[in-house]
Amino acid sequence: MPDSPPVKISIIIPVLNEAKAIAQTINQAQNATAVEIIVVDGGSTDGTIQAANHVQVLTAPPGRATQMNAGAAAASGDILLFLHADTLLPPEFDTWVRQILAQPGMIAGAFQLKIDGSSPSLRIVEKMVNLRSRYCQMPYGDQAIFLKTTTFQQLGGFPNQPIMEDFELMRRLQRMGRIAIPKLRAVGIAPLPVVTSARRWQKLGILKTTLINQIVIIAYFLGVSPNRIASWYRQNHKNTSIHHQK
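Residue numbering for the sequence shown follows this note's numbering, beginning at -17 and increasing consecutively.
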């Protein structure tokens, strides 16, 4: 009896002026079986669409939640994986995604994080992120969050807010089941991490970036409006080209 075909994974990449990063991200994501890649552009003016012209490209109003929801609506896969434009997926990511979501009670998953930089301070940031993700079941968008399409639809997609959309989705998913972030061991035993650009830490500095991130999270927990948080966040990033990243 022939083996069943692998479950299809739809990789959704929201972009805004990511011409320098998007080609490498797409090429890495294409090293997989039964995947489709959907790039959702929020109004780029730097040639991003041209750089991504060998995969499906959609346009949507700017805003990561809006763009990712648009990509999910167009996706044909049984699994959705949301990927930042400056984040590279590890080898055999597709195998791990399918295996993790096939486990009983596993509602979603993400990868551990590695930041593409040599500073010892970035290793500390990585460790903090990975500990939080694993023990608090709270990965963020730059860790390549994935879940079944039916689960995403059941939740109504990402909440329509300008910031913390990944955080809020994770909080809702926690009520439904377990979120897997496999602990790294040897290659072949657990998946390698995703590798994300260090650009936002380099732009503002590691300490300031980490402080801003924590203030955003605390403000959100205290009930400050996402619109107000986003306005403050953009003000602190006004001299960067970072697209709503935390």
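All C-beta atoms, glycine included, are put in the ideal place defined by N, C-alpha and C.
Contact set for D76: own chain, Cβ-Cβ below 8 Å, skip 5 residues either direction: P(-12), I(-9), A14, T15, A16, V17
For the segment 193 to 211 against the segment 144 to 151, are there 3 or more C-beta pairs whose distance is under 8 Å? yes
ask   = Skipping 5 residues on each side, what residues in its chain have a beta carbon closer than 7 Å to that of I89?
value = L129, T133, L155, M158, G159, R160, I161
Which one or two residues does DSSP pair with S231 in a beta bridge? Residue coverage of the chain in this structure runs from -17 to 228, which leaves residue 231 outside it and unanswerable.
Q.
Could you check whether L65 and I(-7) sit closer than 7 Å to each other, using their CB atoms as the reference points?
A. yes
What does a CB cutoff of less than 6 Å around L174 pick up in its chain, not counting 5 residues either side in sequence?
P72
With DSSP run on the structure shown, which of helix, strand or coil describes L174?
-> coil
- Quick one: residues in its chain with C-beta nearer than 7 Å to the C-beta of T27, no 5 flanking neighbours on either side, listed in chain order? N(-1)
**Paired residues, beta bridge with V39 - DSSP** = V21
Is it right to say N112 is buried, meaning 16 or more other beta carbons lie within 10 angstroms of its own, or is it exposed?
buried
query: Are there 16 or more other CB atoms within 10 angstroms of the CB of D(-15), so buried, or fewer, so exposed?
result: exposed
### Query
Straight-line CA distance for K2 to T30?
8 Å
Worksheet entry | Proximity below 7 Å, CB of A92 to CB of I163 | yes
- Between the Cα of R105 and the Cα atoms of V206, A180, F203, R210, which residue gives the shortest distance? A180
Span separating the alpha-carbon of C118 from that of L151 = 14 Å
Helix, strand or coil for S315? Go by DSSP, reduced to three states. Nothing about residue 315 can be read from this structure; the chain reaches only from -17 to 228.
Query raised in the report: Under the rule that 16 or more other beta-carbon atoms within 10 Å means buried, what is Q135, buried or exposed?
Result: exposed
Can you tell me which residues form a DSSP beta bridge with V(-3)?
D23
Inset, instruction - Starting from the Cα of V79, find the closest Cα among L70, D68, A67, L63 and give me that residue. - result: L63
DSSP three-state assignment for W214, whether helix, strand or coil = helix
D124: buried (16+ other C-beta within 10 angstroms of its C-beta) or exposed? buried
Legend entry - Limits of the unbroken alpha helix (DSSP H) element including G91: G91 -> not in any alpha helix (DSSP H); beta strand (DSSP E) instead, spanning 88 to 91.
Practice task
Quick one: grab the DSSP three-state call for K130.
Solution key: strand
Fill in: Alpha carbon of A55 to alpha carbon of M110, nearest angstrom
33 Å
task = Could you pull out every residue in the same chain whose Cβ sits closer than 7 Å to the Cβ of A33, ignoring the five residues on either side in sequence?
result = A1, I4, A5
Assigned secondary structure, K96 (DSSP; H/G/I helix, E/B strand, else coil):
strand
Can you tell me the Cα-Cα spacing of G205 and P141, whole angstroms?
15 Å
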